[in-house]
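The numbering used here applies: residue 14 is where the sequence shown begins, and numbers increase by one. Positions of the beta carbon are idealized from the N, C-alpha and C atoms, including for glycine. Because the structure is a prediction, the values reported are computed rather than measured. The block underneath contains the structure these notes are about, expressed in structure tokens.
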Amino acid sequence: MTTQNPSKSSYEPGTYAAQTRKWIEANLTDALRTDRASIEASLEEKVGFEAEQHKAGLVGITWPVEYGGHGLTLHEHLEANREIGLSPMPNAVNSIGKELAGPIIMTVGREDQKLDLLPKILNMENIWCQGFSEPGAGSDLAALRTRAEKTADGWKVNGQKIWTSGASKSQYCLLLARLGVAEDRHKGLMLFAVPMDTPGIDVREIVSIDGARSFCEVFFNDVIVSEDNMLGAPDEGWAAASRVLSIERASNRMYRSWRFESEIDHLVAACRSDNRAYAVLRGYTREIAEARIAVENLKGHVETLVGDMINGQQIGPRGSLPKLYWSEAHQRFAQVAYEIVSRFPLDGGQALADAHARFRNIYLSGRAETIYAGTTEIQLDIISKRILNLRKAA
Ligand SMILES: Cc1cc2nc3c(=O)[nH]c(=O)nc-3n(C[C@H](O)[C@H](O)[C@H](O)COP(=O)(O)OP(=O)(O)OC[C@H]3O[C@@H](n4cnc5c(N)ncnc54)[C@H](O)[C@@H]3O)c2cc1C
């Protein structure tokens, strides 16, 4: 997240939270509510809702006004995100645009690129996907082989990306490609903003365990990308991606700690609606208490990191701490919650049916939480080497 002035807030504490809460209460329809998981909103409804969120000041909070943002501070960002987390709002369709592409464009993009691309991320004109991972390059991203060769028309791109979330509904791809040979590793990597309707791009959806069609394979066959669509200088790709990713791990999706809290509350409330379900819950008091403690730790940790950012400190590898802690604790809770709802009586009524559908989705999608944005092992590696300064024994 990029912010003009991270420390000076013009709002009284609590005002932005109240405003956010009021907007959500007025605009979150039943079809959009994830705690009514038996109903499902369409993609168009979710996109429209996200565009309205921007107009209402819930997204792009810290982005500069000239790029479509609201020019506010991390104080307002944190207040809004607490409320977003506590509500059963759907996850953002354009999270890659807002959390990854936008901050990277703000960091390395030219002024004309910022003015053109950034407002269209916030108003949902352009949905973005992230073309980083490849079949032979996941955790070891520097092994990527997709190549960009200089031609008279710009750059000719050839290669294959995989696990590209949302590629089939995206207008742009944030592409990481190599200008030289694979042995160059971190050197010679280049970021591009590639329009997805460019000839030679072939997108194939992959159905995941929860039945979703979000994942895609994306093939680039002699795709010509214009010089204008380079993001930053040749060779800057790795440094830009790494710098932004460490900030993003700390501050993006900070709503997740409060969402975790509201999921626990929803599970308990659903169980209370039926004596038989409540009896099931009572067999899991220890696990639920542990989840509640994890939430309190997580919220405190996120608030500490945000406070440090407001005071101008670098977050660096500390961004790995909330990612690791949240994904592991939430995955444990998702397993317990699914065990509980699986034992609900079949004639339990709507509250139990909604909880069953929601916690089934959370369990299935939760399997990926310890993989994306860097696996648990990779976060542990970062923490051991870069926070604890532990080196491998010789
Ligand atoms: C839901 C989801 C959405 C995703 N969306 C996108 C997207 O939009 N765009 C995109 O580019 N990518 C995306 N990814 C891909 C994601 O970034 C990769 O899956 C992740 O980086 C792991 O890479 P991999 O799958 O190749 O596994 P590998 O890197 O092959 O890892 C396999 C196992 O080996 C372990 N391992 C690997 N290296 C080490 C090491 N050095 N030390 C110890 N253990 C190690 C890993 O922790 C893991 O357990 C997504 C993944 C998921 C699950």
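Checking the 7 Å criterion, the Cβ of Y385 is within range of a heavy atom belonging to ligand 1. In terms of Cα proximity to R217, the closest of D210, I175, R158, V315 is I175.
Here the C-alpha atom of T389 lies approximately 11 Å from the C-alpha atom of W339. Nearest Cα to Q363 within the set C284, A347, Y385, H314: C284. For I323 and R356, the gap between their C-alpha atoms comes out near 46 Å. Annotated three-state conformation of E147 is strand, per DSSP. Under the criterion of beta carbons closer than 8 Å, P132 and G81 qualify as touching, at roughly 3 Å. Looking at the DSSP output, C142 sits in a beta bridge with C186. In this structure, V319 lies near M267, with their beta-carbon atoms less than 8 Å apart.
Between I118 and A254, the gap from beta carbon to beta carbon reaches 8 Å or more. When Cβ pairs closer than 8 Å are counted between the two stretches, the region 377-384 is seen not to touch the region 44-58, the count staying below three. Exclusion of the five residues before and after A54 leaves T42, A44, L45, F62, P103 as the residues of its chain whose Cβ lies within less than 8 Å of its Cβ. About 6 Å separates the beta carbons of L130 and A206, which is inside the 8 Å limit, making them a contact pair. In the same chain as V354, and ignoring 5 residues on each side of it, the C-beta atoms closer than 6 Å to its own belong to A368, H369, F372, in chain order. For T159, the shortest separation between its Cβ and any heavy atom of ligand 1 does not lie below 7 Å. If the five residues before and after N310 are omitted, its C-beta is found closer than 6 Å to no C-beta atom of its own chain.
Rounded to whole angstroms, the separation of the alpha carbons of E65 and N40 is 9 Å. Apart from sequence neighbours up to five positions away, the residues of its chain that approach S286 with a beta-carbon distance below 6 Å are A364, ordered along the chain. Residue state for V308 is assigned as helix, using DSSP reduced to three classes. In the DSSP secondary-structure assignment, Q363 is not bridged to any residue. Residue ranges of uninterrupted alpha helix (DSSP H) with 4 or more members, entirely inside the region 57-120 and ordered along the chain, are 87-99. Using a Cβ distance threshold of 8 Å, F232 and D215 count as a contacting pair. Minimum Cα-Cα distance from K163 among the listed residues S22, R34, G201 corresponds to G201. A206 has L187 as its beta-bridge partners, per DSSP. Relative to the non-hydrogen atoms of ligand 1, the Cβ of C142 comes within a distance shorter than 7 Å of at least one. Straight through space, the alpha carbons of S146 and S23 are spaced by roughly 41 Å. Residue state for M267 is assigned as coil, using DSSP reduced to three classes. Between G250 and L204 the beta-carbon gap is near 5 Å, inside 8 Å, which marks them as a contact.
Relative to ligand 1, the beta carbon of I395 is positioned no closer than 7 Å to any heavy atom. Separation of E341 and T383 (C-alpha to C-alpha, rounded to the nearest whole angstrom) is 7 Å. Setting aside the 5 residues that flank it on each side, A30 is surrounded in the same chain by E92, A93, R95, E96, each with a C-beta closer than 8 Å to its C-beta; the list follows chain order. Taking C-alpha positions only, R198 is separated from S239 by approximately 24 Å.
Counted as a single uninterrupted DSSP element, the alpha helix (DSSP H) harbouring I353 occupies residues 333-355.
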